[in-house]
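Residue numbers (numbering that gives the first Met the number 0), protein chains in the order written: chain E, 0 to 326; chain S, 0 to 296; chain F, 0 to 264.
From the three backbone atoms N, C-alpha and C, an ideal C-beta is built for every residue, glycine too.
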Amino acid sequence: MSYYLSTIAVYFGADLLAAWALNMQFGWAGVPNFAFIIFQAAGAYTYAAVTLGPDSGVNSFQHYILGANLPFPLPLLVAALAGGVVSLVVGLITLRRLRRDYQAAVFLLAAVIAIDVVSADVNLFNGSNGLAAVPQPVASLQNSLGLGAYQWVYAAFVALICVGALVLVRSLGRSGWQRALRAARDDEPGARALGLNPSILRLQVFVIGGMIAGLSGGLLVGFISAWSPGAWAYSETFAVLTGIILGGVSNDWGVLIGTFLIQIAFQEVTALFLPQIGYPGLTDALVWVVIGVLWLTVLFVRPRGILPEKRFRVLAVPRTRIWRGGR
Amino acid sequence: MSSTILLQSIGFGITTAAVVAIGAMGFTLQLGVTNLLNLSFGNVMTIGAFASLIAEHWHLGLAATIIAAPLAGALVTFVLARTLFALFARRQGGAFDLLMVTLATGLIIQYTIDALAHLQVFQFSFPSGSTLNIGPFVFTVLSLSLVGVAALVLAALLAVLHLTRIGKALRALSVDPKLARACGVPMRRMINLTWIISGALAGLAGLVYVTNSLTVDASAGLDFLVLVIAAAILGGAGSPVGAVVAALVVGIASEVVAAVGGSYYSQAAGLGILALVLVLRPASGVWSGPSRDEVTV
Amino acid sequence: MTLPATAHDVPRRAGGAVLEARDVRVRYGGVEAVAGASLTIEAPQVVGLIGPNGAGKSSLLAAIGGQVRTVSGTVLLAGEDVTRLPPHRRARLGIIRTFQSASVFDGLTVFENLLVAGIGEHGATLRAALLERRRAHARTEAASQLARSVLEEFELWHIADHYGRELSGGQRRLVEIARCLMRDPKLLLLDEPMVGVAPHLVERIGEHCKRICERGVAIVIVEHSMEVISSICDRVVVMASAQVIDDGSFDVVMTSGSVREAYLA
Numbered sequence: 000m001s002y003y004l005s006t007i008a009v010y011f012g013a014d015l016l017a018a019w020a021l022n023m024q025f026g027w028a029g030v031p032n033f034a035f036i037i038f039q040a041a042g043a044y045t046y047a048a049v050t051l052g053p054d055s056g057v058n059s060f061q062h063y064i065l066g067a068n069l070p071f072p073l074p075l076l077v078a079a080l081a082g083g084v085v086s087l088v089v090g091l092i093t094l095r096r097l098r099r100d101y102q103a104a105v106f107l108l109a110a111v112i113a114i115d116v117v118s119a120d121v122n123l124f125n126g127s128n129g130l131a132a133v134p135q136p137v138a139s140l141q142n143s144l145g146l147g148a149y150q151w152v153y154a155a156f157v158a159l160i161c162v163g164a165l166v167l168v169r170s171l172g173r174s175g176w177q178r179a180l181r182a183a184r185d186d187e188p189g190a191r192a193l194g195l196n197p198s199i200l201r202l203q204v205f206v207i208g209g210m211i212a213g214l215s216g217g218l219l220v221g222f223i224s225a226w227s228p229g230a231w232a233y234s235e236t237f238a239v240l241t242g243i244i245l246g247g248v249s250n251d252w253g254v255l256i257g258t259f260l261i262q263i264a265f266q267e268v269t270a271l272f273l274p275q276i277g278y279p280g281l282t283d284a285l286v287w288v289v290i291g292v293l294w295l296t297v298l299f300v301r302p303r304g305i306l307p308e309k310r311f312r313v314l315a316v317p318r319t320r321i322w323r324g325g326r
Numbered sequence: 000m001s002s003t004i005l006l007q008s009i010g011f012g013i014t015t016a017a018v019v020a021i022g023a024m025g026f027t028l029q030l031g032v033t034n035l036l037n038l039s040f041g042n043v044m045t046i047g048a049f050a051s052l053i054a055e056h057w058h059l060g061l062a063a064t065i066i067a068a069p070l071a072g073a074l075v076t077f078v079l080a081r082t083l084f085a086l087f088a089r090r091q092g093g094a095f096d097l098l099m100v101t102l103a104t105g106l107i108i109q110y111t112i113d114a115l116a117h118l119q120v121f122q123f124s125f126p127s128g129s130t131l132n133i134g135p136f137v138f139t140v141l142s143l144s145l146v147g148v149a150a151l152v153l154a155a156l157l158a159v160l161h162l163t164r165i166g167k168a169l170r171a172l173s174v175d176p177k178l179a180r181a182c183g184v185p186m187r188r189m190i191n192l193t194w195i196i197s198g199a200l201a202g203l204a205g206l207v208y209v210t211n212s213l214t215v216d217a218s219a220g221l222d223f224l225v226l227v228i229a230a231a232i233l234g235g236a237g238s239p240v241g242a243v244v245a246a247l248v249v250g251i252a253s254e255v256v257a258a259v260g261g262s263y264y265s266q267a268a269g270l271g272i273l274a275l276v277l278v279l280r281p282a283s284g285v286w287s288g289p290s291r292d293e294v295t296v
Numbered sequence: 000m001t002l003p004a005t006a007h008d009v010p011r012r013a014g015g016a017v018l019e020a021r022d023v024r025v026r027y028g029g030v031e032a033v034a035g036a037s038l039t040i041e042a043p044q045v046v047g048l049i050g051p052n053g054a055g056k057s058s059l060l061a062a063i064g065g066q067v068r069t070v071s072g073t074v075l076l077a078g079e080d081v082t083r084l085p086p087h088r089r090a091r092l093g094i095i096r097t098f099q100s101a102s103v104f105d106g107l108t109v110f111e112n113l114l115v116a117g118i119g120e121h122g123a124t125l126r127a128a129l130l131e132r133r134r135a136h137a138r139t140e141a142a143s144q145l146a147r148s149v150l151e152e153f154e155l156w157h158i159a160d161h162y163g164r165e166l167s168g169g170q171r172r173l174v175e176i177a178r179c180l181m182r183d184p185k186l187l188l189l190d191e192p193m194v195g196v197a198p199h200l201v202e203r204i205g206e207h208c209k210r211i212c213e214r215g216v217a218i219v220i221v222e223h224s225m226e227v228i229s230s231i232c233d234r235v236v237v238m239a240s241a242q243v244i245d246d247g248s249f250d251v252v253m254t255s256g257s258v259r260e261a262y263l264a
């Protein structure tokens with residue numbers, strides 16, 4: 000049980016980082032980054048590539064790309080950097096003055112194609128088998144503490160990073176930069192006419208989000224020791240997104256609640272505790288159907304989410320109006 | 000790369016282009032008239048392919064197998080549009096909000112098919128007929144008939160759009176829905192017609208795709224969608240001729256790339272073209288600015 | 000750092016005319032929307048830009064504001080050539096505009112709409128958000144005070160906390176104009192600011208225009224109502240078929256027959 004709990008805690012932390020990052024891009028800046036999971040995968044693969052070390056012959060089925068074995072915490076930094084670099088390249092192409100729906104289509108298709116190519120091309124990241132036996136950080140600690148305690152230490156480390164991310168997200172969230180992003184989201188020509196440069200602003204948020212995504216990918220792969228296309232199906236982005244929409248777009252705590260409900264309470268718990276029904280894989284497919292239905296339901300019933308975006312207030316308001324919150 | 004392989008891949012490219020063109024014409028019609036970028040289009044293609052697969056499985060005969068795909072595509076699209084999309088359009092109505100709805104719909108369709116199909120990849124056997132050499136290219140009877148189907152669809156679409164009152168109404172709708180309504184265009188009927196035609200083309204594209212690729216699974220349509228959307232955007236929303244010309248470019252490019260870099264790079268070529276289109280920015284309604292945000296579904 | 004507070008100071012003049020647009024041409028596809036129009040504004044004044052639909056008024060504004068690229072011609076702001084600058088660079092130099100369909104940031108409150116403009120591009124950088132927190136805070140404070148005084152002047156303070164999407168058409172116009180003031184414009188371009196605005200608000204917008212001009216801001220206003228034009232404009236420019244056909248005081252222009260010619264052409 001303790002093993003499950005620490006595993007879930009790590010997953011939750013990584014999912015939360017991803018959700019906050021995607022919310023910056025999607026909620027603040029209005030960038031429909033439906034390829035978000037690519038940037039997490041970029042971080043994960045990079046983390047694996049720089050920790051796997053040279054080919055020792057043990058895993059003969061595996062390609063070793065870099066042969067590097069960087070000491071902790073460098074691989075995490077490199078993973079974040081990789082997420083940022085990939086974001087920069089993708090952002091320079093897609094973040095032009097393009098209609099948002101076209102942008103969304105491009106992102107979705109990029110995610111679908113990327114996974115097809117990585118799955119099929121064995122020379123890239125070992126194809127659909129993915130990379131395995133990725134060393135966990137500070138493996139010596141695992142020997143001295145035992146696996147159970149090591150897992151909790153890892154979870155605590157992830158929690159620490161989440162707190163750091165929350166501080167970053169909240170201080171950014173109160174800045175003029177964030178307000179300018181939202182302005183550019185609502186009316187690009189209007190924002191431009193006030194002297195703001197939406198292209199730069201959006202590229203910045205895209206790269207920051209990509210770095211956090213890469214970091215979360217690194218944390219995940221460092222924990223589970225393996226990474227393959229199965230971990231980053233294009234639909235994973237929509238699990239993150241459904242969590243954000245359910246919790247409340249542009250509300251940090253709402254995103255936390257939504258992520259917990261969708262990714263942990265629903266997805267992980269069904270995956271870990273529900274007995275398999277039917278043939279293998281059926282539960283998984285059904286989980287995605289339910290996520291799609293949940294997504295539609297939230298959009299219909301409560302489009303602003305459980306905790307709607309907090310209104311910036313300068314007027315004193317009677318208590319009753321505060322209670323009505325977001326409206 | 001030897002010139003024989005190049006010519007051969009161009010020949011394949013023409014067949015692929017025919018397949019892409021059928022989907023792209025449906026997509027561009029839908030986009031032009033309703034202004035909704037329907038990301039569940041690829042999943043409807045999958046539905047069409049599976050409908051034909053089932054018809055074949057039940058030995059309903061060739062005609063039924065062929066007709067099943069467009070029929071299923073039209074039916075599903077029409078029902079989705081009249082129920083789900085219409086419901087959400089009444090509530091919020093922005094082009095992007097509705098796109099999110101189509102995305103969720105696509106997700107549901109894909110994994111429902113996955114669940115029903117037991118996550119399997121199905122073989123689809125379609126008689127490809129004898130091989131023909133035309134000039135430097137090698138075609139099969141099947142691939143030639145695919146080109147024929149694409150040409151027929153284009154001719155029919157152009158005839159409807161430019162020779163009939165319905166076509167005039169559709170074109171008016173795509174330019175300015177409010178004005179068209181004011182001029183007495185029967186909106187509801189025209190839009191329903193658009194959904195049905197484009198849905199049928201989606202289903203047909205799905206069938207045509209699997210006669211070419213010979214396998215089908217739940218994500219087949221989505222994988223293929225990139226070529227379709229690349230062609231539709233490259234050709235300009237609402238232009239069937241543009242879609243066909245763009246499909247030729249996309250189809251040949253993707254096959255040449257596949258011949259050079261491995262078959263799994265053929266879709267990536269589509270994405271590359273799409274990216275290139277975005278970078279080079281041809282004049283079209285794609286760019287933000289004074290574009291209309293309302294959708295008419 | 001010049002905070003927008005200087006907007007309330009004395010009129011200032013740099014070298015040259017506030018605006019000098021020379022022989023501007025704008026083309027959309029094959030259609031020439033502006034065929035060599037010139038407009039010079041020497042000193043702060045309210046200039047009415049009139050003419051029938053399709054005369055090229057909005058296109059001329061867009062050419063001055065940078066929203067469209069000119070085919071030929073030059074645009075000088077206070078003697079500086081801005082012809083090749085993108086709109087946000089021109090805005091930073093002092094060309095601020097409103098749009099035909101009022102531009103309000105729907106997901107921001109009215110107060111935030113003003114703050115975004117007041118803090119400007121210097122306060123909207125990532126560096127300000129992460130490293131120069133104290134300075135950013137001071138800037139926000141200053142902008143907040145100015146925003147409050149502007150909103151009170153426009154009698155919008157009571158709706159400061161409303162989201163843009165919750166406003167009426169008239170309120171949107173007022174918020175958009177109020178927002179422009181936060182940027183300390185040298186030249187204010189107003190594209191049909193009275194459309195869809197209740198009559199009592201029309202009068203108020205007119206008064207605001209005059210008051211803004213008295214502070215040393217040149218204003219170009221595209222407007223169809225002659226009543227409005229006559230009451231607030233120091234000068235009237237008439238456009239027809241993509242060209243400027245008359246330019247002068249209201250009375251002179253009205254008696255010259257050019258207006259009739261413009262609308263009958």
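Contact check for Gly213 of chain E against Ala34 of chain E fails: the beta carbons are separated by 8 Å or more. DSSP places Glu175 of chain F inside the alpha helix (DSSP H), whose first and last residues are 168-180.
Between Gly122 of chain F and chain E, the shortest Cβ-Cβ separation is below 8 Å.
Around the Cβ of His199 of chain F, a 10 Å sphere holds fewer than 16 other Cβ atoms; the residue is exposed. According to the DSSP secondary-structure assignment, Gly247 of chain F is paired through a beta bridge with F:Val235. Within the same chain, Leu140, Gln141 come within 7 Å of Tyr149 of chain E by CB-CB distance, once the 5 residues on both sides are set aside. Of the other Cβ atoms in all chains shown, fewer than 16 fall within 10 Å of the Cβ of Pro274 of chain E; this residue is therefore exposed. Under the rule that a run must span 4 or more residues, the alpha helix (DSSP H) segments found entirely inside the segment 180-237 of chain E read 187-191, 197-223. Interface criterion met: the Cβ of Ala90 of chain F is under 8 Å from a Cβ in chain E. Taking a cut-off of 8 Å on C-beta distances, the segment 119-134 of chain F touches the segment 166-176 of chain E, as three or more cross pairs fall below it.
Taking the Cβ atoms as the reference, Ala239 of chain F lies roughly 5 Å from Gly50 of chain F, within the contact range of under 8 Å. Contact between the segment 238-254 of chain S and the segment 263-273 of chain S is established, with three or more Cβ pairs separated by less than 8 Å. Contact check for Gly237 of chain S against Gly22 of chain S fails: the beta carbons are separated by 8 Å or more. Note on the segment 99-138 of chain S: whole beta strand (DSSP E) runs with a minimum of 3 residues are 130-133, in chain order.
Distances from the CA of Ile165 of chain S to each of S:Ser39, S:Gly183, S:Ile107 were compared; the closest alpha carbon is that of S:Gly183.
Beta-bridge partners of Ile95 of chain F (DSSP): F:Leu187.
Closest by C-alpha distance to Leu118 of chain S, out of S:Ala217, S:Ala242, S:Pro239, S:Gly128, is S:Ala217.
Using beta-carbon distances, Ser58 of chain F does not count as an interface residue toward chain E, since no partner is under 8 Å. The residue among F:Ser37, F:Leu150, F:Arg164 with its C-alpha nearest the C-alpha of Ile176 of chain F is F:Leu150.
Around the C-beta of Gln122 of chain S, fewer than 16 other C-beta atoms lie within 10 Å, and the residue is accordingly described as exposed. Cα atoms of Ile63 of chain F and Ala20 of chain S: separation of roughly 43 Å, rounded to the nearest angstrom. Taking CB atoms only, Ile107 of chain S has a neighbour in chain E less than 8 Å away. 8 Å or more divides the Cβ of Ser212 of chain S from the Cβ of Leu28 of chain S. Under the 10 Å beta carbon count, Leu275 of chain S is surrounded by fewer than 16 other beta carbons and is classified as exposed.
For Val137 of chain E, no chain S residue has a C-beta closer than 7 Å to its own C-beta; the minimum C-beta separation is roughly 38 Å. Of all alpha-carbon atoms in S:Ile46, S:Val148, S:Val146, S:Leu153, the one lying nearest the alpha-carbon of Leu115 of chain S is that of S:Ile46. Residue state for Thr39 of chain F is assigned as strand, using DSSP reduced to three classes. Taking a beta-carbon distance threshold of 8 Å, Glu41 of chain F does not count as an interface residue toward chain E. A direct Cα-to-Cα measurement between Leu4 of chain E and Ile228 of chain S gives close to 44 Å.
The contact set of Val225 of chain S on chain E, defined by CB atoms closer than 8 Å, consists of Leu108, Val111, Ile112 in chain order. The alpha helix (DSSP H) runs of length 4 or more contained entirely in the segment 58-124 of chain E are, from start to end of the chain, 73-93, 99-119, 121-124. The CB of Asp160 of chain F comes closer than 8 Å to the CB of Arg310, Phe311, Arg312, Val313, Leu314, Val316 in chain E, given here in chain order. Close partners of Ala94 of chain S in chain E (Cβ separation under 7 Å): Asp100.
Around the C-beta of Asn125 of chain E, 16 or more other C-beta atoms lie within 10 Å, and the residue is accordingly described as buried. Close partners of Thr111 of chain S in chain E (Cβ separation under 7 Å): Val288. Contact with chain S is absent for Trp231 of chain E, since none of that chain's Cβ atoms lies less than 8 Å from the residue's Cβ.
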